[in-house]
Every structure is written in C-alpha cells, then in structure tokens.
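Working notes, beginning with the structure itself.
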Amino acid sequence: MGRYLIEPFDRSDRYATERYQGAAGRNWWACDPTLHLLMRHHLGDGYAWAEPHLDRLGALMGGPVAAWAEETDRNPPRLEKYDKWGRDVSEVVMPPSFQAARQALMADNFTSPAFAQQARANGANPSALAAAWTYMLDQADIGMGCALGTGGDMVVQLAEKHAPEDVRDRVREIFANGYYSGEAAQMFTERTGGSDLAALEAAAVPAGDAWLLTGFKWFASNANGSAFVVLARLPEGTVAPFLVLWERRDGSRNGVRIRRLKDKLGTRSVASGEVEFADAEAFLLMDRPDADGRARDAATPGGSASGLGTMMKLTNGSRLGVAMMGLGVARRALVESICYARAREAFGRPLAEQPLMRRKLAELVVEAEAAQALVFDGHLGPRLRLAPALVKLRASRLGLTAASDAVEVHGGNGYIEQWPVARLLRDAQVNPIWEGGDHILCLDVRRAMAKEQAHLPFLDRLRTAATSDLVHARIDDLTKAINAWAALEPAVAEARLYPLAQFMADVYAAALLEEQAGWGLDDGRKSLVARLYAEAHLADRGPLRGLDAPAEDPFDALVAGAFTG
C-alpha cells in the first residue's frame, strides 16, 4: 500500500496507479530480448558463464542505479570554491546518491581489467560484456556514463607512450580499476569553441621534462577528475595534447582552478565546469616537433605526428561511446512508452490497443533496433574508419527524437519532472553536441573518404552483411552517389555531405539488420524488423507514400521481441 491518503476518487479502477510501473525497478537484462540476442551471438560458448553476471547487472542498473540517478538529477554536484581561510580549494562535492551509484558500479565493473581477465578465462568476449554494461548504464544515466568514461583510454594510452616514467606509474595507479573509473577529463573547448583548433589560446612553455601550462577551458566535463588531457599551444604554435594531474609530482596542489560549475539543461550527474590553468605542471603527450615543424614518432623513427593523431583516433572511440548513450536513451524511452501505453486508458481501452499508438510504438521499436545494430557493430564489428561518425550521427539523434516521442506518449505527465521521461529529453539533447555535432561528423566523413578511401571497406562491409535485393540495390546506388558527390565543386560537395551521410547510415543499418536476421537466433522476428526498416528508409513508397500498401499490424510481434515484462 502506498503512503498517500486514499481519497474517494482513488477507489475507482481508473486510478489504480500501481499499474503504472515504468522501466525503473525492472531487471533491464531480463526484460530485453534484443540484448539477449546480441550477447548470444557475440559471447558464443561464454554466454552460459556470462548470463548470471548480466542478470545481476540488469537488476542493479534498473533498480538502485536508476533510483540514484533521479536523486542526483534533483541534487546535482556543487562547488566548494574556498576553504574557511579563503584559500582556493576548487573542490567538487558530489551528492551521496552519485557516490553510492559509483561505488556500486565500480564493485560490478564489466570494464575493469580484472573482470576482462575473468571473462576471457571463461570463453567470453570482454568487449561484448563491456558494451552491455555501458548500454544498461546509459539507460539509467548518461551523465554517469560520461563521468566514469570521459577520456580514460586517452589518458592512459597517451601517458604510456609519452609521459615520464614516474608520471606513467602515477597514471597506472589512478586507473588501476580500468578506463571507466571516473578519474579522467578532456579539456579542449575554450570560449571560442571546441572544433576549431586553430583558435585555441591555452599555451605551455617547457620546464625541464615537464611544461607549465596556462589557459582557460570553457566547458570541461568531469571537472572533479584526477587526470586531464588538455589541448594547448607549444611555443612554436603547434597545438598539442598535455597531461595535467590534480597534484604535482611533489604531492602539492597543481595550478588548476575551477571557476564555476555549469548550470546545465541535463546530465547533471557529471560535473561540468570552467577550468583555469595557472602555470600548471603538465606533460607533453606527443613528440616535440622538429625544426621544420613536424612531430617525430618515437615508436616509428622518421614517422609523423604521434600524440595528436593518436588522440584524434581515440576521439573516434569516444564518439562510439556517445552513440551508445543515444542508444541507451532511446531504449529507455521505448520501454517507458510501452509500459505507459499498456496501462493508460483512453476512449475505453489502453493506448497500446489503438492504431495510431501502435504505429508510433512499432516504428520506435524498429528505429531503436536499427540504432542498436549500428552501435554494437561499431563497438564489436570490423574497425571501419567511417563507422564512428555515421553511428553517432544516427544514434545520438535517435536518442533525442525517441525521448521526445516518450514525452508525447505520456501526454501532460511526460512534461512533469516527477515522471521519468522529462529527464530523458533534457539529457538526450547533449548527445548531438558531445564529440562533435552533425556538421563536424559530416566533415569527418569527407576527410575519411578523401584522404583514406574509407568508403571502400565500408561498402565491402555492407555487401557482405546485406541479403535482400532491395538493400543490395541501394548499396549500388550509394556507390554511385559517392562517386557523383566526389565530382562536385568543393562548396557544393560540403553542403551535400549531410544527405550523403544520412544515406550511408540508412543503408548501413539496413544491411546490419539483415545480417542479424541471418544469425537465426530469434525465430525470424529480426527478419521482420529488417524488412520494415528497409521499406521505411530505402524503398520507393510510390506516389501515395505507401497509403495503398497492404494492411499490416506488426505491433505484437515487434513489441514481444523487444520488451518482456
């Protein structure tokens, strides 16, 4: 029985509010057949060992972590700028709900080296399990996903290659529990913006085997971390990445000040702030350029720029992380919408029995599974140069539109902060911004095709995955479109990058869904999803836009294979 007073109108069956259970409180592994399918495929013989771990994780994410996320959103981090003597301490105070969630997640961390070793010993792919961990976490709180996972791989890999030995040892100690430990931050963006590196003003000067870095970063997520990758200028003008630790080598406080925390629309569980560096001890994370301005790669004598190029490659990994966040929001929005539509009645029957709602939810199932195919292929499939930009372009935008759909399904309740979908919408808006907006992603697609011919292995991947005549025909069309685009005048070609990238993402998703259907793991349901997606995105719908197509209601089959509970 609830703690609320029972009023006379509460005795009506229409007000049996216990029917309105959403996603929170459920086991997010147990209720997700699509994740089961992915794990059965990617884990193979290791699935039996992994399944109890996944079940335990699903209960943790859907239960305590989801509840703590709501509490942290209402009570976000705060900044203690000065101590009682007026000295700058710049201490970010995280709420107890955040601390509890982080502790529970680190205790059951599928991304840690120890868990990865255990998984390998039992025949399970640790990368697949790490992907499942982040996928379920991002359904609870993408802000926590950012707080734990911002740039840890970048800090460790660049430090291992370039930092002095004693600094490497310190970094190893900080990240002993893996990249997802919440200790890293990337600090690129200045008041002039984050994408135009030529406009950066932060600068560093040498001081022995260290540097002194001075500058101001306008938007630094996870400002309460311990190890930062900071972009700054060398004296000769080259932009380079530096490692800055919260403490100097001698254990004293480094020259790092947090001016203020950002009052953000969403993702309040990650402390984003304005960070100032005042002669901060820093360590160059690339080889110093020669007199002719070219950086030398110590690992490859005579090679070209190492640290900055490596950082850009790692940024592509971060884009896949943001794409997973978009997918996590879309999945949560789908589950919340299905649960609400089943419970809410209008005009004498549940919303889920009404044709227009069934159409909306069926389309959302198909779009979510298409994005899921893209994101998991980006993480676990062939390392395609084009994948990160295309996958983030599609999945981050879907997270936003799916959250908006979930608000609409909930009606006025969806617009109220006490219900879960308002936060989803606020959080989702950042995903198209993090790690590059749509235009930056499109420019990266152009760079990859023009400089690396990256479209060739991409098209080969599509041909291997696709099975239907329709999708193969569209792969041929896409090949022609890329060739036609390459012949355009540069300004026109740039303006048309967005529709080209969307075409690429459409065909990519359609091919992957057909590939999944070929796994034979779900009694043919994935074939239905693949067909519906291809018809919606790739088929010629005719002059009547499909209004004259044969009647079909795939709702029950789609939802039964997407959500159980």
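Here the working numbering is used: the first residue of the sequence shown is 972, the next is one more, and so on. Glycine included, every Cβ here is placed at the ideal spot set by N, Cα and C. Since the model is a prediction, treat every value here as computed from it, not as a measurement.
Same chain, Cβ closer than 7 Å to residue i, five either side skipped, listed in chain order
| i | result |
| --- | --- |
| S1197 | I1145, E1154, L1216 and W1217 |
| H1127 | The displayed chain sequence assigns Val, not His, to residue 1127. If we look at V1127 and ignore the five residues flanking it on each side, its Cβ neighbours are V1142, F1146 and Y1150. |
| A1075 | L1031, P1035 and V1036 |
| A1341 | A1480, L1484 and Y1504 |
| S1367 | V1293, A1294, G1297, N1402 and P1403 |
| L1285 | D1124, M1125 and Q1128 |
| I977 | none |
| G1273 | Because G1273 sits at a pLDDT of 31, beneath the cut-off of 50, its placement in the model cannot be relied upon, and the following sentence gives the value as read from the coordinates. None. |
| L1335 | L1305, S1308, A1373 and D1376 |
| G1186 | E1172, A1173, A1174, A1203 and F1248 |
| A1531 | none |
| H1012 | W1490 and L1492 |
6 Å Cβ shell around residue i - same chain, five flanking residues per side excluded
| i | result |
| --- | --- |
| A1482 | L1433, A1436, A1437 and V1442 |
| S1275 | The predicted model places S1275 with a pLDDT of 39, which falls under 50 and marks its position as unreliable, so this point remains unresolved. |
| G1536 | R997 and C1002 |
| A1270 | Its pLDDT being 33, under 50, A1270 is placed unreliably by the model, and the measurement read from it follows with that caveat. There are no such residues. |
| S1289 | E1406 |
| D1348 | L1483 |
| A1458 | none |
| G1408 | none |
| A1101 | F1081 and T1082 |
| A1314 | R990 and Y991 |
| R1394 | D1044 |
Near the ligand NAD: residue i beta-carbon under 7 Å from a heavy atom
| i | result |
| --- | --- |
| P1004 | Questions concerning the ligand NAD fall outside what the structure shown contains, since it holds no ligand whatsoever. |
Anticipated Cβ contact below 8 Å, residue i with residue j, distance rounded
| i | j | result |
| --- | --- | --- |
| A1507 | K1497 | Incorrect: roughly 16 Å between the Cβ atoms, too far for contact. |
| F1213 | V1227 | Going by Cβ atoms, the distance from F1213 to V1227 rounds to 12 Å, so no, they are not a contact pair. |
| A1095 | A1030 | Contact doesn't hold; Cβ gap of about 19 Å is too wide. |
| A1048 | V1063 | The residue asked about is misnamed: residue 1048 is Pro in this sequence, not Ala. That belief holds up - the Cβ atoms of P1048 and V1063 are roughly 5 Å apart, short of 8 Å. |
| A994 | C1310 | 7 Å |
| A1317 | D1376 | Actually they do not touch by this definition, with Cβ atoms about 17 Å apart. |
| L1357 | V1416 | 6 Å |
| L1119 | S1152 | 7 Å |
| G1205 | A1175 | For clarity, residue 1205 is Leu in the given sequence; the question names Gly instead. Correct: roughly 7 Å between the Cβ atoms. |
| F1526 | R1329 | 4 Å |
| A1312 | V1392 | In fact, because the Cβ distance is near 12 Å, the residues do not count as touching under 8 Å. |
| Q1110 | G1237 | In fact, because the Cβ distance is near 15 Å, the residues do not count as touching under 8 Å. |
Bounding residues of the alpha helix (DSSP H) (the contiguous stretch that carries residue i)
| i | result |
| --- | --- |
| S1375 | A1358 to H1381 |
| A1247 | The residue you asked about is not Ala; residue 1247 is Glu in the sequence shown. Note, E1247: premise wrong, no alpha helix (DSSP H); beta strand (DSSP E) at S1243 to L1255. |
| M1475 | L1468 to A1488 |
| E1340 | P1326 to L1351 |
| R1259 | Unbroken run through R1259: none, as it is neither H nor E. |
| E1136 | E1136 to I1145 |
| L1025 | Y1018 to L1031 |
| P1428 | H1426 to A1436 |
| R1239 | Looking at the DSSP string, R1239 is not in any alpha helix (DSSP H), and its letter there is neither H nor E. |
| V1530 | F1526 to A1531 |
| S1498 | R1496 to H1508 |
| L1116 | It is Gly, not Leu, that sits at residue 1116 in the sequence shown. Run containing G1116: I1113 to G1120, per the alpha helix (DSSP H) assignment. |
| R1419 | Reading off the sequence, residue 1419 comes out as Ala, not Arg. Counting along the chain, the alpha helix (DSSP H) containing A1419 begins and ends at D1409 to E1423. |
Close-in-space but distant-in-sequence residues of the same chain around residue i (CB under 8 Å, 5 per side omitted)
| i | result |
| --- | --- |
| A1476 | L1345, L1361, V1362, L1364 and R1365 |
| A1501 | S1439, A1481, L1484, E1485, Q1487 and A1488 |
| A1191 | A1156, Q1157, M1158, T1160, F1199, S1243, G1244, E1245 and V1246 |
| A1452 | L1471 and F1474 |
| R1239 | T1043, D1044, P1047, P1048 and G1114 |
| L1591 | Any answer about residue 1591 is impossible in this case: the structure gives the chain only from 972 up to 1536. |
| V1138 | A1130, L1214, L1216, R1220 and F1254 |
| A1134 | V1142, L1214, F1254 and L1256 |
| A1071 | P1035 and W1039 |
| A1528 | R1496 and L1499 |
| G1264 | Here G1264 scores only 49 on pLDDT, less than 50, and its place in the model should not be relied on; the value that follows carries that caveat. Cβ within range, chain order: E1207 and T1209. |
Interface flag, residue i vs chain C, CB-CB below 8 Å
| i | result |
| --- | --- |
| L1214 | Note that chain C does not occur in the displayed structure, where there is just one protein chain. |
Extent of the continuous beta strand (DSSP E) to which residue i belongs
| i | result |
| --- | --- |
| R1204 | A1198 to R1204 |
| I1453 | Unbroken run through I1453 is the alpha helix (DSSP H), D1440 to A1457; no beta strand (DSSP E). |
| L1006 | Here L1006 belongs to no beta strand (DSSP E); instead the alpha helix (DSSP H) covers P1004 to L1014. |
| F1213 | V1210 to L1216 |
| Y1053 | R1049 to Y1053 |
| I1229 | V1227 to L1232 |
query: Enumerated in chain order, which unbroken segments of the alpha helix (DSSP H) with a length of 4 residues or greater are wholly contained in the stretch 1064 to 1091?
result: As far as the stretch 1064 to 1091 is concerned, its whole alpha helix (DSSP H) runs of at least 4 residues are 1067 to 1078.
query: Using 8 Å as the threshold, is the stretch 1506 to 1524 in touch with the stretch 1030 to 1045, meaning 3 or more CB pairs across them?
result: Using a Cβ-Cβ distance cut-off of 8 Å, the stretch 1506 to 1524 and the stretch 1030 to 1045 are not in contact, since fewer than three pairs of beta carbons, one from each stretch, lie closer than that value.
query: Taking the runs of the beta strand (DSSP E) that are 3 residues or longer, which of them lie wholly in the stretch 1147 to 1191?
result: The qualifying runs are 1155 to 1158 and 1174 to 1178.
- request: Indicate whether the contact test is met: 3 or more Cβ pairs, each with one atom in the stretch 1238 to 1250 and one in the stretch 1124 to 1140, closer than 8 Å.
  value: With fewer than three CB-CB distances shorter than 8 Å, the stretch 1238 to 1250 does not count as touching the stretch 1124 to 1140.
Meets three-Cβ-pair contact criterion under 8 Å: the stretch 1104 to 1114 and the stretch 1010 to 1021: Judged by pairs of C-beta atoms under 8 Å, the stretch 1104 to 1114 does not touch the stretch 1010 to 1021, as fewer than three such pairs exist.
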